Amino acid sequence: MIDWFKYSSPKTFYPIAGKAIPWFAAIATVLAVAGMYVGFFMAPTDAQQGEGYRIIFLHVPVSWMSMFIYVIMAFWAAIGLIFNSRLSGMMASALAPTGAIFTFLSLWTGALWGKPMWGIWWVWDARLTSELILLFLYLGFMALQSAIDDVRRADKAGAVLALVGVVNIPVIYFSVQWWNTLHQGASVSLTRAPSMATIMLVGMLLMALAAWMYTAAISLMRVRCLILEREHHAAWIHELKEIKQ
Amino acid sequence: MNDSLGLYACCRIAQRDLKLAMRRKSDAATPLLFFVIVATLFPLGIGTEADTLRTIAPGVLWVAALLATMLSLPKLFEDDYADGTLEQLALSSAPLSAFVVGKIAAHWLLTGLPVAVLAPLLALQFHLPSSSLLVLSATLMIGTPVLGLIGAIGASLTLGIRGGGILLALLVLPLYVPVLIFGTGAVDAAAAGLGATANLSLLGAMLVIGFFFAPWAITAALRIALE
Chain A
1 MIDWFKYSSP KTFYPIAGKA IPWFAAIATV LAVAGMYVGF FMAPTDAQQG EGYRIIFLHV
61 PVSWMSMFIY VIMAFWAAIG LIFNSRLSGM MASALAPTGA IFTFLSLWTG ALWGKPMWGI
121 WWVWDARLTS ELILLFLYLG FMALQSAIDD VRRADKAGAV LALVGVVNIP VIYFSVQWWN
181 TLHQGASVSL TRAPSMATIM LVGMLLMALA AWMYTAAISL MRVRCLILER EHHAAWIHEL
241 KEIKQ
Chain B
246 MNDSLGLYAC CRIAQRDLKL AMRRKSDAAT PLLFFVIVAT LFPLGIGTEA DTLRTIAPGV
306 LWVAALLATM LSLPKLFEDD YADGTLEQLA LSSAPLSAFV VGKIAAHWLL TGLPVAVLAP
366 LLALQFHLPS SSLLVLSATL MIGTPVLGLI GAIGASLTLG IRGGGILLAL LVLPLYVPVL
426 IFGTGAVDAA AAGLGATANL SLLGAMLVIG FFFAPWAITA ALRIALE
């Protein structure tokens, strides 16, 4: 039986996170290089969309991650509310900026793809609109947290907001099925064979994994900063090598 | 007295809020005036062509109703929070969620219901066909309580925070989008002769889900604010 609560203490978590970051960052770099190589040099040109389709190697991974990070953030928020653990709130706060960036990138790359393919930068389609709402939810979460000076209250208030906003995630995910929209349906699914060439799928999955590892690395870095900021009064912080210097 | 469900508490707090609002009638009327003025600005800004106005009417009236509800939200808990009443309510034996529901009901009677009644009159200025008027009123009747429930989550989260009002808008408006879409969708569908039942049912479903889950989130946020 692993004592999870031991790892939820900032003091134990801080060095572990520090050791894990280089690994996550290295894996992210390797996967991103491999994914981009597959995407740009190995994947064939699409019969209908030409070279322009290659943006999916960025668009699909960042869109997946934008939703996934929100769910993880809501998960940590819920854990924080239930167990009243400090680290969970910090995890949620650390994930929010990355999630917001991925959501923004998803909208941006989608617009870049939409202009040549649909002829327009933006449509008020269900998936695009709900993704835009997701961006607002991330921004609202960060704005709420930064408006509250007491960090414990900021964590809890943010947690409630994150949990309320989680209703948006299934709406985004299923919007292409529920409404007959301009945005195409999913090409990748767990239950049936993907409706795309295997090499394209490999490139996309590599990039998705790279985005995942990048998220892990960058949010752990942010958590470490948050720990240093919030626990600056604790004795163990002053024992750290990087602080003593 | 046995009031484990808090029905008595819910009714009493609603009565109290209504009585307080009646003592300060101009405060209660401000959101309604705002609603009327905002709706009036659109024909002046966009142009008075009947066809254009008819197309934009559901959207404009809904957005105006939404903003009017939102503007009145900070008031919902603020006064009680400032004078300590909220703390007493949280300490009382009746469930806090009962008080919350009562306060939201009073808030709806003071803003949502008058807006739903006023909207058809304003819609006449927008040349909306008379068949759509009833649908518009019905969507607002079902939709404004959802706005109140969602808005109360934002109001309780931003309680006593600097810049609370504008932050409240940032938190609540994205969550209002589905209500807005189905509310205006119902009126548009009715105008196109498709029947508004599907959209109205979805609004009703949102109301039920909101009524079930929102008090839970609101009480959690209130307890955080009171800590």
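So the sequence lines, in the order shown, correspond to chains A and B. Position 18 of the first sequence, counted from 1, bears residue number 18 in the working numbering, the numbering being contiguous throughout. Adding 245 to a residue's 1-based position in the second sequence gives its number in the working numbering. A virtual CB, placed ideally from N, CA and C, is assigned to each residue, including glycine. As the structure is a prediction and not an experimental result, all values here were calculated from the model.
What does residue i touch in chain B if you count any residue whose Cβ is under 8 Å from its own?
i                      : result
residue 69 of chain A  : Correct list: empty, because the minimum Cβ distance to chain B is about 17 Å.
residue 153 of chain A : 469, 470 and 472
In the DSSP assignment, what residue or residues form a beta bridge with residue i?
i                     : result
residue 50 of chain A : A:46
Once you ignore the five residues that flank residue i on each side, which residues in its own chain have a CB closer than 6 Å to its CB?
i                      : result
residue 8 of chain A   : 85 and 87
residue 236 of chain A : 11
residue 346 of chain B : 255 and 460
residue 183 of chain A : 125, 127 and 176
residue 218 of chain A : 98
residue 463 of chain B : 345, 397, 398 and 401
residue 408 of chain B : none
residue 451 of chain B : 391
Would a check of beta-carbon distances place residue i closer than 8 Å to chain A?
i                      : result
residue 268 of chain B : no
residue 462 of chain B : yes
residue 412 of chain B : yes
residue 455 of chain B : no
residue 406 of chain B : yes
Check whether the Cβ atoms of residue i and residue j lie closer than 8 Å to each other.
i                      : j                      : result
residue 415 of chain B : residue 406 of chain B : no
residue 348 of chain B : residue 258 of chain B : yes
residue 161 of chain A : residue 31 of chain A  : no
residue 400 of chain B : residue 381 of chain B : no
residue 385 of chain B : residue 361 of chain B : yes
residue 52 of chain A  : residue 113 of chain A : yes
residue 192 of chain B : residue 435 of chain B : The first residue shown for chain B is 246 and the last is 472, placing residue 192 of chain B beyond what the model contains.
residue 554 of chain B : residue 315 of chain B : An answer regarding residue 554 of chain B cannot be provided, because it is not within the stretch 246 to 472 covered by chain B.
residue 339 of chain B : residue 251 of chain B : yes
residue 77 of chain A  : residue 163 of chain A : yes
residue 94 of chain A  : residue 228 of chain A : no
residue 223 of chain A : residue 142 of chain A : no
residue 47 of chain A  : residue 220 of chain A : no
residue 428 of chain B : residue 393 of chain B : no
residue 280 of chain B : residue 302 of chain B : no
residue 62 of chain A  : residue 109 of chain A : yes
residue 136 of chain A : residue 423 of chain B : no
residue 3 of chain A   : residue 89 of chain A  : no
residue 284 of chain B : residue 273 of chain B : no
residue 373 of chain B : residue 299 of chain B : yes
residue 364 of chain B : residue 306 of chain B : yes
residue 447 of chain B : residue 322 of chain B : no
Please tell me whether residue i has its Cβ less than 8 Å away from any Cβ of chain B.
i                      : result
residue 137 of chain A : yes
residue 148 of chain A : yes
residue 62 of chain A  : no
residue 164 of chain A : yes
residue 169 of chain A : no
In chain B, which residues lie with their C-beta within 7 Å of the C-beta of residue i?
i                      : result
residue 140 of chain A : 415, 416 and 419
residue 133 of chain A : 419 and 422
Please list, in chain order, the chain A residues whose beta carbon lies closer than 7 Å to that of residue i.
i                      : result
residue 402 of chain B : 144, 157, 160 and 161
residue 347 of chain B : Under the 7 Å cutoff, chain A gives no residues; its nearest Cβ is about 21 Å from residue 347 of chain B.
residue 398 of chain B : 164
residue 466 of chain B : 157 and 160
Between which residues of its own chain and residue i is the CB-CB distance below 7 Å, once the five residues before and five after are set aside?
i                      : result
residue 254 of chain A : Outside the displayed span of chain A (1 to 245) sits residue 254 of chain A, for which this structure offers no information.
residue 73 of chain A  : 92, 95, 96, 99 and 162
residue 332 of chain B : 471
residue 103 of chain A : 66, 131, 134, 135 and 138
residue 14 of chain A  : 224 and 227
residue 18 of chain A  : 224
residue 40 of chain A  : 54
List, in order along the chain, the chain E residues whose C-beta lies closer than 7 Å to that of residue i?
i                      : result
residue 301 of chain B : In summary, chain E is missing from the structure at hand, where the protein chains are A and B.
Can you list, in chain order, the residues of its chain whose CB lies under 8 Å from that of residue i, leaving out five sequence neighbours each side?
i                      : result
residue 359 of chain B : 277
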